[in-house]
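One structure below.
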Amino acid sequence: MLRVLLIDDDPDYAELLTMTLRDGIDIVHAATLTDGMRIAMGGHFDATLLDLTLPDTKGGMDTIKKAVGSVPGPIIVLTSSGDNGSMVKEAKNAGATDWASKTMSPQLLERLIRIVSAFQNIIDIMRDKMEIGDARK
Numbered sequence: 175m176l177r178v179l180l181i182d183d184d185p186d187y188a189e190l191l192t193m194t195l196r197d198g199i200d201i202v203h204a205a206t207l208t209d210g211m212r213i214a215m216g217g218h219f220d221a222t223l224l225d226l227t228l229p230d231t232k233g234g235m236d237t238i239k240k241a242v243g244s245v246p247g248p249i250i251v252l253t254s255s256g257d258n259g260s261m262v263k264e265a266k267n268a269g270a271t272d273w274a275s276k277t278m279s280p281q282l283l284e285r286l287i288r289i290v291s292a293f294q295n296i297i298d299i300m301r302d303k304m305e306i307g308d309a310r311k
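Each residue of the sequence shown is one higher than the one before, counting from 175 in my numbering.
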């Protein structure tokens, strides 16, 4: 089962995701970035879904920059706005792994979560093997 940290201040959206992403995905919800960072310290998460407009951030890229390194695993940014190529590029430059619209179907969002989580696992394995190789020198 995958554990996903959802940081979003919209309780209706959080409830919708919790109900629709039940199949093999455990959602833990935080309404603020501060709460999300506190929850993240208490357990393992495979990915984080991050809303850009939270009450305790300035919004936008500031939210991502504060989250990077403080929340677990890959960060998938959630947005209500349409796909904007420059914003996606900025988000990735700020440290986000990917970008998803809140209107994306639950099936596609679940697939995206699984893909970025699996990709992160591969990166972690490769990083571990490189460190073991360096330690032998």
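C-beta atoms are modelled at their ideal positions from N, C-alpha and C, and glycine is treated no differently.
Asked, Found
"Cβ separation of T208 and D230, assumed to be a contact under 8 Å, to the nearest whole Å", "5 Å"
"Nearest residue (CA-CA) to L224, options M300, S260, I299 and L191", "L191"
"Supposed close pair T206, D183 - CB separation, criterion 8 Å", "7 Å"
"From T277, K276, M261 and L283, residue whose alpha carbon lies closest to that of A270", "M261"
"Span separating the alpha-carbon of I181 from that of R212", "11 Å"
"Between the CA atoms of I306 and W273 - distance to the nearest angstrom", "33 Å"
"Residues of its chain near R177, where Cβ-Cβ distance is below 6 Å and the 5 sequence neighbours each way are ignored", "D200, F219 and D220"
"Integer-rounded CB distance, given that P280 should sit under 8 Å from T194", "4 Å"
"Bounding residues of the beta strand (DSSP E) (the contiguous stretch that carries V202)", "I199 to A204"
"Proximal residues to I238 (C-beta, below 8 Å), its chain only, five neighbours per side dropped", "L224, L226, I249, V251, A265, A268, G269 and A270"
"Whole-Å CB distance - A292 paired with P246, under 8 Å assumed", "That belief does not hold up - the Cβ atoms of A292 and P246 are roughly 15 Å apart, past 8 Å."
"Cut-off 8 Å between Cβ atoms - residues of its own chain near I287, not counting five sequence neighbours on either side", "L176, V178, L195, I199, D220, A221, L223 and I250"
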